[in-house]
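**Student:**
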Amino acid sequence: MFCEREVQEKLIQYHHLIPKSKDGKDTIPSCPSCHNFIHKTWTNNQLRDIYNSIESIRSTEDYQRFVKWLIKQPVEKLFKTDRKTGRDKNPYR
Ligand SMILES: [Zn+2]
Ligand SMILES: [Zn+2]
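In the working numbering, each residue's number is its place in the sequence shown (first place is 1) plus 90.
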């Protein structure tokens, strides 16, 4: 898991460290909110070339800021990152 949120098992999604479309096979479990964030924040090419490990994603400022916010939210809520929304106003929904 990327974050420490406890989500129901049926909600857990599996993220390909290397995108499936780029022949990636290794997956790691992720909560839906983090998974959504990852795919809205980086392109498949970036995921393949740069953010292809848990550590490389966790160490980004973007992800740290997201998680800091996420862990304060009710655990039963799921959040979608909106690519079009300006980060400054209403960052993650
Ligand atoms: Zn994924
Ligand atoms: Zn998460």
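Cβ coordinates follow ideal geometry from the N, Cα and C atoms, glycine included.
#1: Please list, in chain order, all residues of the same chain as lysine 112 whose beta carbon is under 7 Å from its beta carbon, the five residues on each side excluded.
#2: Please report how far the alpha carbon of arginine 95 lies from the alpha carbon of glutamine 154, in whole angstroms.
#3: Report the CB separation of phenylalanine 156 from serine 120 in whole angstroms; it is logged as a contact under 8 Å.
#4: Residues in the same chain with beta-carbon distance under 6 Å from glutamine 163, minus the five sequence neighbours each way, listed in chain order, please.
#5: Short of 7 Å in beta carbon distance, which residues of its chain neighbour glutamine 98, apart from the five on each side in sequence? Order them along the chain.
#6: Return yes when at least one heavy atom of ligand 2 lies under 8 Å from the C-beta of valine 165, else no.
**Tutor:** Considering the structure as presented:
#1: The count along the sequence shown starts at 1 and reaches residue 112 at position 22. Taken in chain order, the residues that qualify are Asn134 and Arg138.
#2: If you number the sequence shown from 1, residue 95 lands on position 5. If you number the sequence shown from 1, residue 154 lands on position 64. Rounded to whole angstroms, the separation of the alpha carbons of glutamine 154 and arginine 95 is 14 Å.
#3: Taking the sequence shown and counting its residues from 1, the one referred to as residue 156 is at position 66. Taking the sequence shown and counting its residues from 1, the one referred to as residue 120 is at position 30. Their Cβ separation, rounded to whole angstroms, is 12 Å, which puts phenylalanine 156 and serine 120 out of contact at 8 Å.
#4: If you number the sequence shown from 1, residue 163 lands on position 73. Take glutamine 163, set aside five residues on each side of it, and no residue of its chain has a beta-carbon closer than 6 Å to its own.
#5: Counted from its first residue, the sequence shown places residue 98 at position 8. Excluding positions up to five away in sequence, the list is empty.
#6: For the purposes of this step, residue 165 is identified with residue 75 of the sequence shown, where counting begins at 1. For ligand 2, not one heavy atom lies less than 8 Å from the Cβ of valine 165.
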